[in-house]
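**Q** My questions will all concern the structure given below.
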Amino acid sequence: MNKPSLTAAQAAARLGLVAMLGAGALSAQTPAPAPTTDPKKDEVQKLEKFEVTGSRVKRLDVETPAPVITITKQEIDQSGFTTLGDFVQTLPFNTGSTNSIVQTASFTRGAATVNPRGLGSNRFLVLINGRRSVSYALTNSNNQSVFDFNSIPLGAIDSISYLKDGASAIYGSDAVTGVMDIKLRKNYTGFETDFLVGNTLGHDTFTKTGSIVVGAQAAKTSVLIVANYASANDNFIRDYDRSKTTDYSSLAPKGINQNSSFNYPANLNLTAAQATAAGFTTGAGLYILNGGQPTANPQRSQFSRVTAAPNTNRYDFAQTYQLFPPYDYLGVYSYLRHEISDKVYAFGEIMYNQNTTGFAFTPSVIQSIANSGTGPTGLLNVPPTNPYNPFGVDLTNFLYRTSFGPARRFDTESTTGSYLIGLGGDLTPDWTWEVGASMAQNNVASISRNQIRAVELQAALNGTTRATALNPFGPSDNPDLVNRLFTISNSTYKTKSEMLDATLTGSFLNLGGGPIGVAVGSELRRDMIRQDPDTSAYVGSGGGTPYRGDRDVFSAYAEVTLPVTKALEFQLAGRYEDYSDFGTTSKPKIGAKFKLPSTKLVDVLLRGSFSQSFKAPDLGRLYTASTTAFSSTVRQDPKRPQDPATQLRIITGGNPNLQPEEADAYYAGAVFDVKAVKGLSFSIDWFTFEIANVISAPSDATLLAREDQFPGAVVRDNTQGNPGPILFVRRVPFNVAKQWYKGMDFEGKYDLRNTKFGNFRFLVNATRTLSVKSNSGIPTATGALPANFENIGLYNNPKWNGTASVSWTYKDYGAAMFLRHIGKYYNDAYTVAGWGENPVNTVNTSISYRGFWDTRFTVGVNNVFDKQPPINGYETSSFDQSTYGSIGLGRFVYLRVQREF
14 MNKPSLTAAQ
24 AAARLGLVAM
34 LGAGALSAQT
44 PAPAPTTDPK
54 KDEVQKLEKF
64 EVTGSRVKRL
74 DVETPAPVIT
84 ITKQEIDQSG
94 FTTLGDFVQT
104 LPFNTGSTNS
114 IVQTASFTRG
124 AATVNPRGLG
134 SNRFLVLING
144 RRSVSYALTN
154 SNNQSVFDFN
164 SIPLGAIDSI
174 SYLKDGASAI
184 YGSDAVTGVM
194 DIKLRKNYTG
204 FETDFLVGNT
214 LGHDTFTKTG
224 SIVVGAQAAK
234 TSVLIVANYA
244 SANDNFIRDY
254 DRSKTTDYSS
264 LAPKGINQNS
274 SFNYPANLNL
284 TAAQATAAGF
294 TTGAGLYILN
304 GGQPTANPQR
314 SQFSRVTAAP
324 NTNRYDFAQT
334 YQLFPPYDYL
344 GVYSYLRHEI
354 SDKVYAFGEI
364 MYNQNTTGFA
374 FTPSVIQSIA
384 NSGTGPTGLL
394 NVPPTNPYNP
404 FGVDLTNFLY
414 RTSFGPARRF
424 DTESTTGSYL
434 IGLGGDLTPD
444 WTWEVGASMA
454 QNNVASISRN
464 QIRAVELQAA
474 LNGTTRATAL
484 NPFGPSDNPD
494 LVNRLFTISN
504 STYKTKSEML
514 DATLTGSFLN
524 LGGGPIGVAV
534 GSELRRDMIR
544 QDPDTSAYVG
554 SGGGTPYRGD
564 RDVFSAYAEV
574 TLPVTKALEF
584 QLAGRYEDYS
594 DFGTTSKPKI
604 GAKFKLPSTK
614 LVDVLLRGSF
624 SQSFKAPDLG
634 RLYTASTTAF
644 SSTVRQDPKR
654 PQDPATQLRI
664 ITGGNPNLQP
674 EEADAYYAGA
684 VFDVKAVKGL
694 SFSIDWFTFE
704 IANVISAPSD
714 ATLLAREDQF
724 PGAVVRDNTQ
734 GNPGPILFVR
744 RVPFNVAKQW
754 YKGMDFEGKY
764 DLRNTKFGNF
774 RFLVNATRTL
784 SVKSNSGIPT
794 ATGALPANFE
804 NIGLYNNPKW
814 NGTASVSWTY
824 KDYGAAMFLR
834 HIGKYYNDAY
844 TVAGWGENPV
854 NTVNTSISYR
864 GFWDTRFTVG
874 VNNVFDKQPP
884 INGYETSSFD
894 QSTYGSIGLG
904 RFVYLRVQRE
914 F
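Convert by adding 13 to the 1-based position in the sequence shown; the result is the number in the numbering used here.
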């Protein structure tokens with residue numbers, strides 16, 4: 014443990030020495046100013062133009078026609094969150110379902126995502142230092158590619174800018190609902206340390222984080238190195254009073270019995286013929302072992318027919334269901350810039366991040382009719398020759414769980430590496446250029462422990478003696494046979510993106526408001542995805558099928574800013590892209606800003622834009638092979654209410670004929686700088702997004718609730734009735750749906766500086782969603798298209814979201830408060846307004862003191878009032894994790910120590 018610390022200290026000392034030598038050399042080489050120099054000329058400094066997110070044209074003013082929100086490192090720190098993923102999920106425009114590591118049943122285990130406008134976690138673009146990022150190697154349940162925000166070392170972040178408008182004309186595919194540019198630190202001299210320890214009170218998630226930043230600058234060279242570490246303990250839903258059991262039927266209508274009928278000892282579905290042959294006179298139906306206690310000597314007389322299994326014969330998920338997984342994050346980032354000459358510079362970036370997350374889960378689910386075997390119908394069964402089968406017939410339909418052994422565990426290791434080298438410089442005082450070559454990839458290794466292969470389970474059930482057979486109703490005589498069943502499954506996944514880019518930007522020909530700004534450029538990119546799951550058929554998940562997909566993309570773009578007058582400016586942009594898989598596309602954008610005549614009270618800036626964007630089909634949606642899994646929670650079949658709720662078999666796959674999604678975005682807004690109150694400004698923005706040709710793969714819950722709108726999606730066994738019991742749910746994507754969004758954003762800022770009580774800053778951000786509509790695009794039985802479905806105020810889509818923060822500094826003291834509001838919504842499985850989820854308001858606070866060798870100490874509390882998320886008994890964890898995330902963990906207290914050397 015000491016060796017890395019010594020190495021870091023030595024590196025810091027050497028870099029500091031380089032910086033001092035470089036500074037000394039620069040001082041020695043710079044001649045003293047001549048005494049005849051005009052002092053006024055000495056005061057004149059040339060302002061450097063810079064690039065603002067939302068435009069590639071470099072400029073001197075921050076306000077562009079595009080609406081951009083910028084979040085500083087200080088604001089992130091003061092929020093109290095220990096990972097980037099937790100912080101970005103609090104942004105008000107993030108609505109609808111998101112993924113966080115709290116969701117242990119997620120397809121993208123270990124990743125943290127955001128969902129701008131509730132229109133999809135894959136319909137916005139993430140940039141890192143202005144260039145495209147690589148997506149997470151695991152695709153979500155819809156085979157969509159998403160970005161993992163926990164793949165960025167928190168200590169490396171300088172700021173985050175979010176363009177809240179469509180921008181495919183500037184940045185290309187994915188920029189439908191916005192662009193988030195994560196800007197990493199570059200210019201820093203010194204040595205900085207930052208360490209934090211904290212825990213949830215009463216629910217042990219002991220967390221520790223640390224980062225070291227080393228930076229140095231010489232005459233022509235600057236270098237920065239950041240190392241970041243974070244880890245946390247796990248906890249389980251049973252650790253909370255709200256979820257000591259997963260039987261939430263007492264919460265009706267806000268809950269059902271989530272305990273699963275897939276149980277140990279096994280429950281049986283017998284046909285009338287099987288029941289008669291076994292000696293029962295009660296006919297077809299569900300048969301259980303009375304009392305639910307496993308037995309080593311099962312007798313037919315111990316079983317009886319029931320309408321629904323009681324809790325004694327159900328699996329209670331609270332036994333093993335994890336809420337918060339343990340994790341270890343390790344990240345390194347380095348930036349280098351060297352001035353080759355006065356007009357040419359070279360630069361390079363390296364970032365490496367390794368995230369290891371361990372997910373405890375339930376014992377495997379065994380549904381005999383969903384697994385291949387040696388039964389009469391070619392499926393899994395318990396033959397009559399099994400000595401533990403007391404019925405004398407083939408048991409072809411049983412609901413079983415591997416609770417006779419250890420529970421499953423999914424260990425996920427995500428490794429992200431990105432590398433960039435480039436050159437840039439000045440052609441003339443008004444024109445600059447830059448070229449870059451980059452490669453980024455994400456590798457995920459998934460280790461699934463305590464799995465059972467279906468073929469080996471069938472072999473054990475086929476045993477003809479007590480020494481060679483598995484007992485599905487209790488302990489088996491041969492423990493070695495049981496232990497040998499459990500094995501480890503290994504799968505690997507990879508995404509990779511390689512890119513060459515070139516940009517030329519400058520200005521010419523002064524108009525009434527200044528010179529015309531121009532940016533032109535080109536990109537050549539190759540994207541690849543490769544998935545190599547374990548091909549063995551395991552009970553509960555089936556066998557995976559490897560696949561690989563790739564595409565080449567050529568892009569060319571141009572952007573022009575026209576400052577017609579000092580008050581009026583136009584932005585024109587266009588981009589052409591050629592994809593190797595689906596063809597070409599071109600998208601335009603036009604924007605404008607107009608400054609109203611100034612008054613003594615307020616300056617007002619009006620702005621607006623229209624743009625067309627597109628979303629290329631994710632590679633996973635094109636090339637994914639069919640896979641089988643089970644729904645993350647039990648589902649009630651609305652067409653067979655007499656059947657108990659159960660986990661559904663889900664089959665997903667790709668569609669190589671998919672086309673891009675197409676979007677129109679309309680924006681209008683106003684920025685107010687209140688001159689009568691120094692430091693006060695606010696803005697109002699209005700948005701409309703219309704997305705056509707939407708690639709749709711509805712959730713299993715939606716398919717179940719709207720089965721008639723999705724013919725063939727719910728596959729039933731109609732030999733057992735009409736409608737018969739569900740065999741599986743098929744989810745395949747297609748271009749058919751439409752989506753609409755209307756909403757407003759509000760932002761306010763007030764800086765109160767240099768008072769006798771110190772400096773204050775007040776920030777408010779809020780989003781009011783006016784409408785979120787969708788249309789499946791699938792004709793009804795009459796041939797007519799279904800009506801548009803309005804989801805505003807319903808599941809996952811509150812009308813209001815917002816944050817507010819207050820910070821104060823006075824000499825060596827500081828304090829901060831971060832408030833988050835999640836508005837009310839109605840939760841009734843996307844149908845009609847059912848029960849209301851009350852608004853949730855949480856408060857994070859901290860106080861700090863700088864002293865003791867210039868060290869800053871911060872004590873903070875997240876979720877000060879231990880606010881609990883609304884109870885939702887339709888979720889296994891008892892609350893909606895995709896909306897409330899880490900709020901469900903409870904109050905978190907931490908100590909943070911920072912020092913600059």
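C-beta atoms are modelled at their ideal positions from N, C-alpha and C, and glycine is treated no differently.
1) Please tell me whether Asp260 and Gln271 are closer than 8 Å, where the distance is taken between their beta carbons.
2) My output table needs one value for Tyr253: the three-state DSSP class, helix, strand or coil.
3) Is Tyr184 helix, strand or coil by DSSP?
4) Where does Gln306 land, buried or exposed, given buried means 16+ other C-beta within 10 angstroms?
5) Am I right that Thr868 and Val910 are in contact with their C-beta atoms under 8 Å? What's the rounded C-beta distance?
6) Would you call the region 117-131 and the region 79-94 in contact, with 3 or more CB pairs under 8 Å?
7) Just tell me which of Ser696, Leu765, Asp547 and Gly430 has its CA closest to the CA of Val690.
8) For Asp355, report the span of its alpha helix (DSSP H) as first-last.
9) Between which residues of its own chain and Thr258 is the CB-CB distance below 6 Å, once the five residues before and five after are set aside?
10) Where does Gln367 sit, in a helix, a strand or coil, going by DSSP?
11) Quick check on DSSP: helix, strand or coil for Thr637?
12) Quick one: using the 10 Å Cβ neighbour count with 16 as the cut-off for buried, is Val357 buried or exposed?
13) Considering Cα atoms alone, identify which of Asn212, Phe723, Arg719 and Ile664 is closest to Ser554.
14) Assign Gln655 to one of three DSSP states: helix, strand, or coil.
15) Taking all protein chains shown into account, do 16 or more other C-beta atoms lie within 10 angstroms of the C-beta of Gly557, making it buried, or fewer, making it exposed?
16) Please classify Ala638: is it buried, with 16 or more other beta-carbons within 10 angstroms of its beta-carbon, or exposed?
17) Assuming the contact rule is C-beta atoms closer than 8 Å, Arg648 and Leu661 should be a hit. Round their C-beta distance to whole Å, please.
18) Keeping to the same chain, check which residues put their C-beta closer than 6 Å to that of Leu585; ignore five residues upstream and five downstream.
19) So, with DSSP's three-state summary, where would you put Ala569?
20) Would DSSP call Arg122 helix, strand or coil?
21) Which two residues bound the contiguous beta strand (DSSP E) that contains Ser504?
22) Taking Asn940 as the reference, which of Val749, Ala658, Val684 and Arg729 has the closest Cα?
23) Which runs of the beta strand (DSSP E), 3 residues or longer, sit entirely within the region 189-255?
24) Taking Cβ positions, are Ser113 and Gly901 nearer each other than 8 Å?
25) Determine the extent of the alpha helix (DSSP H) in which Phe160 is found, giving its start and end residues.
26) In chain order, what residues of the same chain lie with their CB nearer than 6 Å to the CB of Ala286, ignoring the 5 residues before and after it?
27) Does the distance from the C-beta atom of Pro654 to that of Asn706 stay below 8 Å?
28) Measuring straight from C-alpha to C-alpha, what distance separates Arg912 and Thr858?
29) Quick check on DSSP: helix, strand or coil for Asn484?
30) Could you give the distance in angstroms between the alpha-carbon of Ala47 and the alpha-carbon of Ser354?
31) Suppose you measure from the CA of Ser7 to the CA of Asp758; what does that come to, to the nearest Å?
32) For Trp444, which residues from the same chain have a beta carbon less than 6 Å from its beta carbon, with the 5 sequence-adjacent residues on both sides left out?
33) If you count every other CB in all the chains shown that lies within 10 Å of the CB of Ala87, and 16 or more means buried, which is it?
34) Give the single residue among Ala580, Gly596 and Lys579 whose Cα lies nearest to the Cα of Arg564.
35) Rounded C-beta distance between Pro736 and Ser709? I'm assuming under 8 Å.
36) Using DSSP bridges, identify the partner residues of Glu674.
**A** Checking against the coordinates, here is how it stands:
1) As a working mapping, residue 260 is identified with position 247 in the sequence shown. As a working mapping, residue 271 is identified with position 258 in the sequence shown. Yes, the pair counts as a contact, with Cβ atoms nearer than the cut-off.
2) Position 240 of the sequence shown, counted from the first residue, corresponds to residue 253. In the structure shown, Tyr253 sits in coil (DSSP, three-state: anything other than H, G, I, E or B).
3) Counted from its first residue, the sequence shown places residue 184 at position 171. In this structure, Tyr184 counts as helix in the three-state DSSP scheme.
4) The residue you call residue 306 lines up with position 293 of the sequence shown. So Gln306 ends up on the exposed side.
5) On the sequence shown, position 855 is the one that residue 868 refers to. On the sequence shown, position 897 is the one that residue 910 refers to. Correct: roughly 6 Å between the Cβ atoms.
6) No contact exists between the region 117-131 and the region 79-94.
7) Numbered from its first residue, the sequence shown carries residue 690 at position 677. Selection Ser696, Leu765, Asp547 and Gly430 evaluated against Val690 yields Leu765 as nearest (Cα-Cα).
8) Here the question's residue 355 lines up with position 342 in the sequence shown. Neither: Asp355 is in no alpha helix (DSSP H) and is coded neither H nor E.
9) Mapped onto the sequence shown, residue 258 falls at position 245. Correct list, in chain order: Asp329 and Ala331.
10) Numbered from 1 along the sequence shown, position 354 holds the residue referred to as residue 367. Three-state result, Gln367: strand.
11) Locating residue 637 in the sequence shown gives position 624, where the first residue counts as 1. Of the three classes helix, strand and coil, the one that applies to Thr637 here is coil, per DSSP.
12) In the sequence shown, residue 357 corresponds to position 344, counting from 1. By the neighbour-count criterion, in which a residue is buried when 16 or more other Cβ atoms sit within 10 angstroms of its Cβ, Val357 is exposed.
13) In the sequence shown, counting from the first residue as 1, residue 554 sits at position 541. Of Asn212, Phe723, Arg719 and Ile664, the residue nearest in Cα terms is Ile664.
14) Looking up residue 655 in the sequence shown gives position 642. Residue state, collapsed to three classes: coil.
15) The residue labelled residue 557 in the question sits at position 544 within the sequence shown. Buried, since its Cβ has 16 or more Cβ neighbours within 10 Å.
16) On the sequence shown, residue 638 is found 625 positions in, with the first residue counted as 1. With fewer than 16 Cβ atoms within 10 Å of its Cβ, Ala638 is classed as exposed.
17) Reading the sequence shown from its first residue, position 635 is the one you call residue 648. Reading the sequence shown from its first residue, position 648 is the one you call residue 661. The Cβ separation is near 5 Å, so the contact holds.
18) Your numbering for residue 585 matches position 572 in the sequence shown. Within the same chain, Leu585 has close Cβ partners Val573 and Ile603.
19) By one-based count along the sequence shown, residue 569 stands at place 556. Correct three-state label for Ala569: strand.
20) For the purposes of this step, residue 122 is taken as residue 109 along the sequence shown, with counting starting at 1. In the structure shown, Arg122 sits in coil (DSSP, three-state: anything other than H, G, I, E or B).
21) Stepping through the sequence shown from its first residue, residue 504 is reached at position 491. Segment Phe499 to Leu524, the beta strand (DSSP E) holding Ser504.
22) Residue 940 lies beyond the range of the chain shown here (14 to 914); nothing can be said about it.
23) 192-197, 203-213, 220-230 and 234-245
24) Residue 113 sits at position 100 when you count from the first residue of the sequence shown. Residue 901 sits at position 888 when you count from the first residue of the sequence shown. Cβ atoms of Ser113 and Gly901: not closer than 8 Å.
25) Here residue 160 refers to the residue found at position 147 when the sequence shown is read from its first residue. Run containing Phe160: none; DSSP gives neither H nor E here.
26) Start at 1 with the first residue of the sequence shown, and residue 286 comes out as number 273. Nothing meets the Cβ criterion.
27) The residue you call residue 654 lines up with position 641 of the sequence shown. The residue you call residue 706 lines up with position 693 of the sequence shown. Cβ atoms of Pro654 and Asn706: not closer than 8 Å.
28) Start at 1 with the first residue of the sequence shown, and residue 912 comes out as number 899. Start at 1 with the first residue of the sequence shown, and residue 858 comes out as number 845. Taking the Cα positions, Arg912 is about 21 Å away from Thr858.
29) Locating residue 484 in the sequence shown gives position 471, where the first residue counts as 1. If DSSP states are grouped into helix, strand and coil, Asn484 belongs with coil.
30) Here the question's residue 47 lines up with position 34 in the sequence shown. Here the question's residue 354 lines up with position 341 in the sequence shown. Since pLDDT at Ala47 reaches only 41, below the 50 mark, its modelled position is unreliable, and no value is offered.
31) Outside the displayed span of the chain (14 to 914) sits residue 7, for which this structure offers no information.
32) Residue numbering aside, residue 444 sits at position 431 when the sequence shown is read from its first letter. Same-chain partners within the cutoff: Gly519.
33) As a working mapping, residue 87 is identified with position 74 in the sequence shown. For the record, residue 87 in the displayed sequence is Gln; it is not Ala. By the neighbour-count rule (16 or more Cβ atoms within 10 Å), Gln87 is not buried but exposed.
34) Residue numbering aside, residue 564 sits at position 551 when the sequence shown is read from its first letter. Ranking Ala580, Gly596 and Lys579 by Cα distance to Arg564 puts Gly596 first.
35) As a first step, residue 736 must be located in the sequence shown, where it is residue number 723. As a first step, residue 709 must be located in the sequence shown, where it is residue number 696. Between Ser709 and Pro736 the Cβ distance is about 23 Å, and since that is not below 8 Å, they are no contact.
36) Taking the sequence shown and counting its residues from 1, one reaches residue 674 at position 661. Lys628, per the DSSP bridge assignment.
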